[in-house]
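Here's the structure we're looking at; comments come further down.
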Amino acid sequence: MAGAVNSSPLLHFDTFEVDLHSCELRNQGAKIRLQPQPFQLLALLLEHPGKMVTRKEIRQRLWSSDTFVDFEHSLNTSIKKLREALGEEAGTPRYIETLPRYGYRFIGKVERIARPSVAGPRGRRAAPVQARQFESIAVLPLENLSSDPEQEYFADGLTDALITCLGKFAGLRVISRTSVMQYKGARKPLPQIARELNVDTVVEGTVQRSGSRVRVTAQLLDARADRHLWAESYDRDLRDILVLQEEVAQAIASEIRISLAPREQTRIAHVRAVNPEAYEAYLKGRYCANQLTPVGWMKANEHFMQAMKADPTYAPAYAAFADNCVWASYGITGAQRVEVYAKGREAASRALELDDTLAEAHAALAGLKFHFGWDWAGAEKGYRRALELNPNSVAAHDAYGEFLMRMKRPDESIAEYKRAQELDPRSLAVSTRLGWSYGLKRQYEPAIRQFQKVLKLDPNFTLARFSLGVAYEETGRHDEAIREIQAALATDKESGPFLTYLGYTHGMAGRREEALTVLAEFRRRAANGGVPRFYFALLYLGMHQNGEALAELEKAYEERDDWMVTLKASPELDPLRSDPRFQDLMRRMNFPP
13 MAGAVNSSPL LHFDTFEVDL HSCELRNQGA KIRLQPQPFQ LLALLLEHPG KMVTRKEIRQ
73 RLWSSDTFVD FEHSLNTSIK KLREALGEEA GTPRYIETLP RYGYRFIGKV ERIARPSVAG
133 PRGRRAAPVQ ARQFESIAVL PLENLSSDPE QEYFADGLTD ALITCLGKFA GLRVISRTSV
193 MQYKGARKPL PQIARELNVD TVVEGTVQRS GSRVRVTAQL LDARADRHLW AESYDRDLRD
253 ILVLQEEVAQ AIASEIRISL APREQTRIAH VRAVNPEAYE AYLKGRYCAN QLTPVGWMKA
313 NEHFMQAMKA DPTYAPAYAA FADNCVWASY GITGAQRVEV YAKGREAASR ALELDDTLAE
373 AHAALAGLKF HFGWDWAGAE KGYRRALELN PNSVAAHDAY GEFLMRMKRP DESIAEYKRA
433 QELDPRSLAV STRLGWSYGL KRQYEPAIRQ FQKVLKLDPN FTLARFSLGV AYEETGRHDE
493 AIREIQAALA TDKESGPFLT YLGYTHGMAG RREEALTVLA EFRRRAANGG VPRFYFALLY
553 LGMHQNGEAL AELEKAYEER DDWMVTLKAS PELDPLRSDP RFQDLMRRMN FPP
């Protein structure tokens, strides 16, 4: 007996099949990725085969009357994407005919196909499909549909924001920005993305901005089954963008059956409007900071200060400024370093006064206490609080992993880095730092294998190349160490750490003249600006001049050199540990037992 007909028909034309219920387009059974707006346009045209659908009708159907967007650009973009999905050219249409200035017409033959219901043979009902709870998600980079390519930072910023919002839900593993941004502009099949990121679900979407109005479309897909789950469009004033972000995150969490804890419900209820000027400056700052360059950090702080000035109550701007102070301070010494610390701590404290549920603010303050204040207990408390508020924060897991490594708690550090790897599986930096934890546990062979694994993925990843050289040195393989560190230096000739370890390795290998050449280079640099005294200490250690090394460490202590946080665990300093002067230094730094 034939099954009953479902009220949501399948539409068929040529080799294509369209499911209006699940919003899926397939060609010969294979699903074709199509964003919500182009799909809605296709559905509208298929409802009127052979008839013209006017531009006015399209606008009324796809864009609400209070949406202020560049309609012509949006429509042209949707038509272009639809034609790409159908494999046709505008000049030789097989399915969609353009009627200049008037509209469009679907010219293919459309058939409706009956969909079988759940009624099985002989009238027996088949067992319903068991609802599945998903446990992991990746937000692919939202596509910028604005006519202005300069708005790319805005789309990237909303991608980051949605990742952060979803990351606060307990029980959901959310892939980090670093990994998902590698799929920007990519057209890989969803099941492949699911395998590469090890996720159940994927969010795709678009962002369109016109003046103070924003339109966001988002769709949720079961990535492994390549099945549509949910789609929605949102039109908001820019002032309500924070509410929009939380609404999208809450809708997705509901669809994948992630329960909202009371804390999360309270947070969503208290989301407020944001000053558009402050929000835009904040997004530009995040965009610059994510470049991970000294110039980028400098520009980022300028934008964050603009955001704080535009809205003195906007907590994320203060938190981002404080976090950026940690990054931008590497290599800074003396009074300038103290000034950076004071500004960063003030910003982090202000962020927490405004919003003590902001994970980024807790993590930033923890970083300042760790790297500047040498407040070990306060730093650990801050990292733990940040991870309570956002268990999916790769930045917090990464930073806490380094803290544990420096506190000589390698097993806990390894666990944090492995968790960060789960959340950021495409991050070469996180994978490299996992190798550091093995090294500081004195497990050099696992460390070497970890660095080699990273270099197989990217032979040009300099941090892993350098780290491999350091691991070789710790095992006494001087020639291999020098080769790898020199390879790293070839890509970054000004790197202080790379050059320091090259000189240290030359000294350990008995090549005193080469080590002295590096020492002379740092003395030359020190005459033109601040050079961390720790560099000099390490060079003297390589030449077995322990007294000079201790003297340099005293200077590093006085200057609050960031490298001093490595004293407790670094194997290079092992020859000094029995010296009473070194033990006194450790006591003054108040390292935990």
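Each residue of the sequence shown is one higher than the one before, counting from 13 in the working numbering.
Quick reminder that beta carbons are idealized off the backbone N, C-alpha and C, glycines included.
- In the three-state reduction of the DSSP assignment, Y114 falls in the coil class.
- The beta carbon of P437 is closer than 8 Å to those of I187, S191, E208, L209, N210 in its chain, skipping five residues each way along the sequence.
- The stretch 476-487 makes contact with the stretch 495-502; the number of CB pairs closer than 8 Å reaches 3 or more.
- With a contact defined as Cβ atoms closer than 8 Å, A363 and A334 qualify at about 7 Å.
- In the DSSP assignment, Q72 falls within the unbroken alpha helix (DSSP H) covering 67-74.
- Assigned with DSSP and collapsed to three states, M64 falls in strand.
- Collapsing the DSSP output to three states places N39 in a strand.
- When only Cα atoms are considered, S266 and Y165 end up about 28 Å apart.
- Closest option to Y516, judged by alpha-carbon separation, among E506, G542, F548: F548.
- Assigned with DSSP and collapsed to three states, H33 falls in coil, not helix or strand.
- Of the residues assessed, R599 falls on the exposed side of the cut-off, its CB having fewer than 16 other CB atoms within 10 angstroms.
- Taking C-beta separations shorter than 7 Å and ignoring five residues to either side along the sequence, the partners of L157 in its chain run S86, T89, T218, V219, Q220, following chain order.
- Secondary structure note for I268: it is in no alpha helix (DSSP H), with a DSSP letter that is neither H nor E.
- E162 sits exposed, since fewer than 16 C-beta atoms from the chains shown fall within 10 Å of its C-beta.
- Selection L241, I253, R225, A237 evaluated against Q231 yields L241 as nearest (Cα-Cα).
- Judged by DSSP in its simplified three-state form, A243 adopts strand.
- By the CB criterion at 8 Å, V122 and P61 fall inside the cutoff.
- In terms of Cα proximity to A398, the closest of A290, A332, E372 is E372.
- Bridge pairing for Q231: E216, A243 [DSSP].
- With a cutoff of 8 Å on beta-carbon distance, M417 and S425 are scored as near each other.
- Bounds of the alpha helix (DSSP H) holding S425 are 422-435.
- Judged by their CB atoms, T66 and Y107 are not nearer to each other than the 8 Å cut-off.
- CA-CA distance, L550 to H315, rounds to 37 Å.
- Within the same chain, L154, N156, V219 come within 6 Å of A167 by CB-CB distance, once the 5 residues on both sides are set aside.
- A Cβ-Cβ separation of about 4 Å places D212 in contact with F146 under the 8 Å criterion.
- For A476, the enclosing alpha helix (DSSP H) stretches over residues 474-486.
- In the three-state scheme derived from DSSP, where H, G and I count as helix and E and B as strand, D367 is classed as coil.
- Your pair Y116 and L178 does not check out as a contact, with CB atoms roughly 36 Å apart and the cut at 8 Å.
- A Cβ-Cβ separation of about 6 Å places Y353 in contact with L380 under the 8 Å criterion.
- The shortest CA-to-CA distance from Y294 to any of P306, S443, N313 is the one to N313.
- Residue pairing from DSSP leaves L588 without any beta-bridge partner.
- Boundaries of the beta strand (DSSP E) around A150: 148-151.
- Per DSSP, the continuous alpha helix (DSSP H) segment holding I205 begins and ends at 202-209.
- Taking C-beta atoms as the reference points, A376 and A389 fail to come closer than 8 Å.
- For the pair I44 and E259, the Cα-to-Cα distance works out to about 28 Å.
- For F181, no beta strand (DSSP E) encloses it, and the DSSP letter there is neither H nor E.
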